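Below is one structure, written out as structure tokens; comments come after it.
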Amino acid sequence: MSITRSLWDTISSIEDFGERLMDRHVRLAVTGLRRSGKTVFTTALVHHLLRGHDLDFLKAAHEDRYLGARIVKGDGERFPFETFEADLRADPPRWPKPTDRLTTLRLELRYRTRSWVYGYLQPIQTLTVDIVDYPGEWL
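Written as structure tokens, this is what we have:
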């Protein structure tokens, strides 16, 4: 292997690491068997992220750095969060119909960074989260 090739590979590796370090987009696939509550879990998770309460699982919330979330346009068919939330809040509550196709909901979560480097450059960060719900029959 030539020195030039080795140097090029090293530079490429550093660039890849930098891109991963700066990546602020994750995909969360909710898995489980048929009728195990994936849709209810997803609806409850989104409900809490949007309202900013009961976020025991989110370190930024404990540290008072969580600024909130919002639903944004994503790719593919959209997860019908509002319909499922209304069904679960109805009197009496209605369990969502079984998932029969792949749906996705994209959220943007805003938070204050803990990093002094990012804090200086961009104190408010945005994490984009795609939550994917798919039929349990696919497992």
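Numbered per our numbering, the sequence shown finishes at 398, counting up by one with no gaps.
Positions of the beta carbon are idealized from the N, C-alpha and C atoms, including for glycine.
None of the values given here were measured: they were computed from a predicted structure.
C-beta atoms of residue i and residue j nearer than 9 Å
i             : j              : result
tyrosine 371  : isoleucine 390 : Note on identity: in this sequence residue 371 is arginine, with tyrosine being the wrong assignment. Result no, Cβ atoms of arginine 371 and isoleucine 390 do not sit closer than 9 Å.
valine 305    : leucine 347    : no
threonine 385 : arginine 310   : no
arginine 369  : glycine 327    : yes
lysine 297    : valine 285     : no
For residue j and residue i, the rounded distance between their alpha carbons
i                 : j              : result
threonine 301     : arginine 324   : 23 Å
aspartate 359     : arginine 353   : 17 Å
glycine 399       : alanine 345    : Nothing about residue 399 can be reported from this structure: the residues present for the chain run from 260 to 398 only.
glutamate 453     : lysine 318     : Here the chain comprises residues numbered 260 to 398, so residue 453 is not present and cannot be evaluated.
phenylalanine 340 : tyrosine 393   : 14 Å
histidine 321     : arginine 293   : 34 Å
leucine 287       : tryptophan 397 : 16 Å
threonine 387     : glycine 291    : 23 Å
Strand pairing of residue i, partner residues [DSSP]
i            : result
tyrosine 325 : Tyr370
arginine 286 : Asp389
Cβ neighbours of residue i in the same chain (closer than 7 Å, five flanking residues each side left out)
i             : result
histidine 307 : Asp313 and Leu314
Contact set for residue i: own chain, Cβ-Cβ below 8 Å, skip 5 residues either direction
i             : result
glycine 333   : Thr363, Leu364, Arg365 and Asp389
serine 295    : Gly395
aspartate 350 : none
Local Cβ density within 10 Å of residue i, reported as buried at 16 or more and exposed below that
i                 : result
valine 331        : exposed
lysine 356        : exposed
phenylalanine 343 : buried
phenylalanine 316 : exposed
arginine 279      : Note that arginine 279 has pLDDT 48, beneath the 50 cutoff, so the model's placement of it is unreliable and no number is given.
Neighbourhood of residue i by C-beta, 6 Å cutoff - its chain only, sequence neighbours within 5 removed
i            : result
arginine 329 : Glu367
leucine 361  : Tyr393
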